């Protein structure tokens, strides 16, 4: 989320419509949005059907005992606060996708560990390759 | 290493039902039918 907030202006300038999906229940989304005054929608996938369909896995035991994973999780807990962490699933991994209006994937990044995020430049480059005369 | 079942560029994006901040069901496919490419970000958690 921190990287998204930091790069949001660049994402908008690249004509991308940003939508964030979280495993938190929608009630937590309501509270989070009220606290952070965000310009983009956050949707809840508490049942994780979307996460599974997009092939987003969970940290395995080796990742979970890795001190770097714990440092990352502690940093996130500090940023989001304990109130938001109680319904968090710290083992869930994320992913980033660009989809054209024909429903075709134009950029795919499936995270393989807690700190695996694609550079914003790579996302924007993929977007620039989309000819927007009606999608694919 | 990429999983052999991992989604690839050029494939159809999977659809799923999620919920907005009011608890209303939303189809992901309804999000990409606009005039802009959709950047869909699945986060691990807030933070």
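Protein chains in written order, with our numbering: chain C, 1 to 136; chain D, 1001 to 1047.
Heads up, the beta-carbon is just placed ideally off N, CA and C, and yes, glycines get one too.
Quantities reported herein were computed from a predicted structural model and do not represent experimental measurements.
- Using a Cβ-Cβ distance cut-off of 8 Å, the segment 28-43 of chain C and the segment 1004-1012 of chain D are not in contact, since fewer than three pairs of beta carbons, one from each stretch, lie closer than that value.
- Excluding five sequence positions before and after residue 1032 of chain D, the CB atoms of its chain that fall closer than 6 Å to its own CB belong to 1038, given in chain order.
- Counting along the chain, no alpha helix (DSSP H) covers residue 92 of chain C, and no H or E run does either.
- A contact is defined here as three or more CB-CB pairs under 8 Å, and the segment 116-128 of chain C fails this definition with respect to the segment 25-34 of chain C.
- Proximity of residue 49 of chain C to chain D, defined by a Cβ-Cβ separation below 9 Å, is satisfied.
- Annotation: Cβ neighbours of residue 114 of chain C in chain D (cutoff 9 Å, chain order): 1044.
- Residue 1015 of chain D and residue 59 of chain C have their C-alpha atoms spaced approximately 24 Å apart.
- Closest in alpha carbon position to residue 1044 of chain D, among C:112, C:90, C:117, is C:90.
- In this structure, DSSP gives residue 12 of chain C a helical state, which the three-state scheme calls helix.
- Here residue 1029 of chain D has 1015 as same chain residues with Cβ atoms under 7 Å from its own Cβ, once five neighbours each way along the sequence are excluded.
- The shortest C-alpha to C-alpha distance from residue 7 of chain C to any of C:117, C:107, C:52 is the one to C:117.
- Beta-bridge partners of residue 1025 of chain D (DSSP): D:1019.
- Interface annotation, residue 106 of chain C: in contact with chain D, CB-CB separation under 9 Å.
- In the DSSP annotation of this structure, the continuous segment of the beta strand (DSSP E) that includes residue 42 of chain C starts and ends at 42-44.
- If you check each beta-carbon in the segment 1021-1035 of chain D against every beta-carbon of chain C, the ones closer than 9 Å belong to 1021, 1022, 1023, 1024, 1026, 1028, 1029, 1031, 1032, 1033, 1034, 1035.
- Around the beta-carbon of residue 106 of chain C, 16 or more other beta-carbon atoms lie within 10 Å, marking it buried.
- For residue 51 of chain C, same chain residues with a beta-carbon under 7 Å away, outside a window of 5 residues either side, are 23, 45, 92 in chain order.
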